[in-house]
């Protein structure tokens, strides 16, 4: 004989609904409170006093806290082509405390947002290096809102809207990682100054594989020495590079004491517009406008995006955009030579001294 | 507002449900509450959108009332014309202009009217009511339940397409009647199933589908790419749309209302006629009752049957979107249904596995046409599927495709869950709630992705 069921059907279903709702709401609340207390992004006012490191490679969420930490007075901002510039090396060359805030696939609007955060948060930067590449010359720069779920809310001055966006899997995962880091179970993923060697280890370098990536389906070829086909006045007038107005405005907001550098990063010649083509002519026009901005705003403009000893040599690259670590060291040293001493080189052109 | 957003799950649904049960004793109060909630839900996209359904509902109701009071079929015909005219203006005007311009070789300006979300769904429901009145199958309802029958937010945007007699009588029933906790419990489980299908699987499949179909517009896909694109879209479309339906049915059950079934694991069908009995059931029923049968159905000879089927399915295709690829997709299925019926009349049934394979290949070829931006792109994809562009490449994200296939085949439909959930197991409550928490976290990751069927 079985015991009488303590829950007749109606109350058993009531119990079912009660359990479901309790587990759901209490579970969600526990996760949310844990995220707020651990605060892996460094945005919560009342979070626990933990040793916060960059424990995720999600740069877009992780880097605002580098700026807000106020530990740095000089910044590098750009796309992945600028990520390998080591802040420690730049500290040595230029003095100051550098952070490298360059991100993979960082669009012009994202770079603008990051520079605005620097301007608002980090006071008067001692030095700002913008790694210029194709995104600044894109005719559609103003139509791109940001890549990979760029969290605009994290870059504004309103700390309260951040709380609306913290209940998610990435924040929960980062919370667990940061907790694990506190107990020595997890390592930081990116150095506190934003620097990370994101390319594979040098000992794994394979030139044949790199050549395939550099030249894609094309045969490797020498770069012809052709001047860009000149654009007509009408063509030139019709060209619009929306991001350049942002750049001009941002540089105008920097105090005169800040050293401003616009540095074209050395991408392989295979990724540069081919000499003699219309694309090359458009890029030349964009470069001319950037030089004008540099002159007007007191910024130095240094160009590694040319056919040079660096950019012609396949063995300097992993693919057509990303150079190897020794090249990054060379670029950082040359940057100091160009900016501080105005020394000419075959590797770069000093466009605006 | 989207069902899978944190705001809906954590704020809107609980708040509306609490208010609803707080006033549950009054039919008037709870119906007005649901009307207000539905208008807020709809206005979340664009407050201007609210005018159109309210105007169509009010005009339809007034015309039905005139028919009741004054008599004369013309009132109802006017109502049907009015709703079709609204649909033609807001959904099909640019399509009509572009088609006319192509035909005449002219360059005509586009109207550029914004498509109000869900217009196909609420227009069809109003038309079905008017036709039912012509047939003497629909009473005149008071304005409030009539408006709620169309506006009820769980089904307003993307169905299921509900008939007045399926829903209006339920509004009079006290939601606190016997079985309240079972309905709410089943609603929570069904909603969670849809939530998981949408945010954990369908949205991920979109990341395979979108770039490949975009690329197919400018280059020939490889063999592996084409199969990845079409398989992923096959599962994405079902999981996305059935997820919406489950979240709609789950939400409605919380209010004590049962919406009709829309899917019954369609990819298990072993012939095309069975597929249409399992796929978008509420639309299939609508097409059958209001188009196919009035056109003659299968009772007036073979020629009339073929004509009725092709017209009904062609219009079914056009309902999905203002484009000739949609019409062609409908005709493709119409032709398939004719062939399928002809084969079945031969009394030589295929073995079930072969029937299933033929059906799936036919349906998938149709989805390539349905998703492609042009006939050229669709033809190129089908050629790639057949290996005409080389046999290179492998399936992308195989793991997700397998999971999607298993979920499509084995996860019961909303009504299967509703009918089969006879015992309230606490383990199911805990597991379902834990899954819902995980989905809530996944939903907070990035911007929510619209449901595919919102564009129809």
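Protein chains in written order, with our numbering: chain A, 1 to 353; chain B, 1001 to 1456. The beta carbon of each residue, even a glycine, is placed where N, CA and C say it ideally should be.
| Check | Outcome |
| --- | --- |
| C-alpha gap between residue 1073(B) and residue 1172(B), whole angstroms | 29 angstroms |
| First and last residue of the uninterrupted alpha helix (DSSP H) at residue 303(A) | Run containing residue 303(A): none in the alpha helix (DSSP H); it sits in the beta strand (DSSP E), 300-303. |
| Extent of the continuous alpha helix (DSSP H) to which residue 262(A) belongs | Per DSSP, residue 262(A) belongs to no alpha helix (DSSP H); it is in the beta strand (DSSP E), 259-264. |
| Where the stretch 90-121 of chain A meets chain B: residues whose CB sits under 8 angstroms from a CB there | none |
| Contact check, residue 1403(B) vs residue 1249(B), beta carbons under 8 angstroms | no |
| For residue 171(A), three-class secondary structure by DSSP | helix |
| Proximity test, Cβ basis, 8 angstroms: residue 175(A) and chain B | no |
| Chain B within 8 angstroms of residue 144(A), Cβ atoms only | no |
| Endpoints, the beta strand (DSSP E) within which residue 75(A) is located | 74-77 |
| Within chain A, the residues that residue 1445(B) reaches when beta carbons sit closer than 8 angstroms | 149, 168, 169, 170 |
| Residue 1257(B) versus residue 35(A) - alpha carbon distance | 37 angstroms |
| Inter-residue CB distance, residue 339(A) and residue 261(A) (contact presumed, cutoff 8 angstroms) | 6 angstroms |
| Run of the alpha helix (DSSP H) containing residue 1144(B), from where it starts to where it stops | 1143-1151 |
| Beta carbon proximity, residue 1236(B) to chain A, threshold 8 angstroms | no |
| Residues, ordered as in the chain, of the stretch 1180-1192 of chain B that lie near chain A by beta-carbon distance below 7 angstroms | 1181, 1182, 1184, 1185, 1188 |
| Residue 130(A) in three-state terms, based on DSSP | strand |
| Reduced DSSP secondary structure (H/G/I, E/B, other) of residue 1292(B) | helix |
| Same chain, Cβ closer than 7 angstroms to residue 342(A), neighbours up to 5 away in sequence not counted | 350, 353 |
| Residue 1432(B): contacting residues in chain A (beta-carbon distance under 9 angstroms) | 20, 23, 24 |
| Endpoints, alpha helix (DSSP H) assigned at residue 1102(B) | 1093-1104 |
| Element boundaries [alpha helix (DSSP H), containing residue 1059(B)] | 1051-1069 |
| Residue burial classification, residue 1300(B) (beta-carbon count within 10 angstroms, cutoff 16) | exposed |
| Residue 1445(B) to residue 1371(B) span [Cα, whole Å] | 26 angstroms |
| Listed by chain order, chain B residues near residue 13(A) by CB distance under 7 angstroms | 1181, 1182, 1185, 1424 |
| Closer than 8 angstroms to chain A by CB, residue 1441(B) | yes |
| Pair within 8 angstroms by beta-carbon distance, residue 1228(B) and residue 1239(B) | no |
| C-beta contact flag for residue 1131(B) and residue 1189(B) at 8 angstroms | no |
| Cβ-based burial, residue 1443(B) [other Cβ within 10 Å; buried from 16] | buried |
| The beta strand (DSSP E) enclosing residue 349(A), as first and last residue numbers | 349-352 |
| Supposed contact pair residue 1083(B) and residue 1160(B) - C-beta distance, whole angstroms, cut 8 angstroms | With a Cβ gap of about 19 angstroms, residue 1160(B) and residue 1083(B) do not count as contacting. |
| First and last residue of the uninterrupted beta strand (DSSP E) at residue 1083(B) | First-last for residue 1083(B): 1074-1087, but that is the alpha helix (DSSP H), not the beta strand (DSSP E). |
| Residues near residue 1017(B) in its chain [Cβ-Cβ closer than 8 angstroms; skip 5 each side] | 1254, 1255 |
| Proximal residues of chain A, C-beta to C-beta of residue 1436(B) below 7 angstroms | 24 |
| Residues sharing a beta bridge with residue 190(A), DSSP | 54(A) |
| Contact check, residue 301(A) vs residue 85(A), beta carbons under 8 angstroms | no |
| Residue 99(A) - DSSP class collapsed to helix/strand/coil | strand |
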